[in-house]
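Heads up, the thing below is written out as C-alpha cells.
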Amino acid sequence: MEIAEFKSAYPSMTVPMGCPCGSRFWIPIKPKERFGIPVKFAICFKCGHTFARYVMNDVALDQFYSSSLYRNLYGTLSVQEHIDKLHVPEKTRTPLWQIAEPFLKDKIGNIVEWGSSGGWNLIPFRDFGHNVLGLDVSSPYIEAGRKTYNLRLELINENTLKDLSGTQFDVIILNHVLEHLVDAEGLLKQLIAVSSKESVFIIGLPTIESTQDYGFNNFFTVAHIHYFSKHSLTSALNRLGLSLIETHRTHGGLTFVAKQSDVLNRKFNVYRFVYSAYQISSRYLKFFLRRSARKLLEATGLYNG
Ligand SMILES: [Zn+2]
7 MEIAEFKSAY PSMTVPMGCP CGSRFWIPIK PKERFGIPVK FAICFKCGHT
57 FARYVMNDVA LDQFYSSSLY RNLYGTLSVQ EHIDKLHVPE KTRTPLWQIA
107 EPFLKDKIGN IVEWGSSGGW NLIPFRDFGH NVLGLDVSSP YIEAGRKTYN
157 LRLELINENT LKDLSGTQFD VIILNHVLEH LVDAEGLLKQ LIAVSSKESV
207 FIIGLPTIES TQDYGFNNFF TVAHIHYFSK HSLTSALNRL GLSLIETHRT
257 HGGLTFVAKQ SDVLNRKFNV YRFVYSAYQI SSRYLKFFLR RSARKLLEAT
307 GLYNG
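Residue numbers (my numbering): 7 to 311.
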C-alpha cells in the first residue's frame, strides 16, 4: 500500500480511543501526524495526557508493522545492521545503566526488559555482573541479539507473565515501548503484579518535553499512540500504584524511575492540562514562526534552501 492510499483508508481501519484515565473531556490539538495520516491528537483535560484519538484495529496494526510501507517510512537498516550498530563495547556506562546503577549496588540484580528488541540496552547490565532477561515480540531481533550479544532473550508468549512471577526482579525496564501500545496501562498493571515493593521500574518515553529532539512536525507519528508529559505520566503511575522517584533527560525523551508506593496522589489537578497545552502550543508557535519566516525569505529570494 502506498502512503496516499493508506491515508485515505486510515479512518476505515481505526477505532476511537479515549484517555486511559477514563475522562471524556479532552481538546483536539492536531488533526494529522507527520506523514499526513488523520490520527487526530487530543489533550485530556483531567490528566494532561496527549494521545491519538483514532488508533488502528488489531488486524490493521499487524498489517502495518509487517508492511513495506512501514519500512519505507521508518528507516531502512536490516536487523543485523541495527544490532551491529548498537553493539556497545564491554562495560560501557550507557545512560540507562547509569540510571539503574544506584539501585544495584552491592548485589547481583535480576533485570528484565520488556520490549528489549535485540537486547542492546542489557549489554552493560550483563557486563557489570547482573542477571538479565530481554523479552520481545520480534523473533528476528531476538535471534540476532542472542547470536551477536550472547544475551538471554526470549520471545513474548501467553505464558511470559506467569513465568516472570517466579523471579524477584530488581529492575524492570520499559524503554520506548509504552508509547506504541493501545493499552499501555494494561501492560504496566501486569508487570506491577509480578513485581515486588523493592522492584524499580525504569521507563523511557518520547515525552512532549522533548519535542525539539524530533522537530514539532516530526514528533507526532502514527506509530506512537501516547505522548506523556512528566505530569501525565505521574498521574498514570499513581493510578496504578506506582510513584515517581526520579526523572532523567535522555536522548529522545525522558526516563523515569518509579516504585510501588502507598503514598499516591489521585486528585484532579488542572495544572497537568495547562502544562501539556503550554508545552505543545509553545513548540507549535516556534515551529510556525520559523516556517513562516522561511517562506517569506524564500518568496523574497533572500533564502533558498
Ligand atoms: Zn486523562
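Here a beta-carbon is modelled for each residue, glycine too, at the ideal position from N, C-alpha and C.
1. Have a look at leucine 167 and serine 267 and give me their C-alpha separation to the nearest angstrom.
2. Within the same chain, show all residues whose beta-carbon is closer than 7 Å to that of leucine 79, passing over the 5 residues directly before and after it, in chain order.
3. Strictly by DSSP, which residues pair up with asparagine 137?
4. Candidates Cys27, Ala15, Ile9 and Tyr16: which alpha carbon is nearest glutamate 191's?
5. Relative to the C-alpha of tryptophan 103, which candidate in Tyr60, Asn63 and Val206 has its C-alpha closest?
6. Please report how far the alpha carbon of threonine 3 lies from the alpha carbon of leucine 159, in whole angstroms.
7. Distance check for serine 122 and leucine 161, CA to CA, integer angstroms please.
8. Just list the residues that DSSP pairs methionine 62 with in beta bridges.
9. Could you tell me whether the segment 165 to 185 touches the segment 109 to 129, where touching means 3 or more Cβ pairs closer than 8 Å?
10. Name the DSSP bridge partner or partners of isoleucine 33?
11. Do you know offhand how far arginine 59's Cα is from isoleucine 209's?
12. List the residues that DSSP assigns as beta-bridge partners of glutamine 266.
13. From the DSSP output, which residues share a beta bridge with valine 206?
14. Quick check on the contact list: which residues have their beta carbon closer than 6 Å to a heavy atom of ligand 1?
15. So what's aspartate 142 in DSSP terms, helix, strand or just coil?
16. Express the C-alpha separation of arginine 297 and glycine 307 in angstroms, rounding to a whole number.
17. Return yes when the Cβ of histidine 186 is within less than 8 Å of the Cβ of isoleucine 231, no when it is not.
Taking the geometry as given:
1. 22 Å
2. Phe41
3. Asn116
4. Cys27
5. Val206
6. Residue 3 is absent from the model: the chain starts at 7 and stops at 311.
7. 10 Å
8. Thr20
9. yes
10. Ile49
11. 23 Å
12. Leu248
13. Val177
14. Cys25, Cys27, Ser29, Cys50, Lys52, Cys53 and His55
15. strand
16. 15 Å
17. yes
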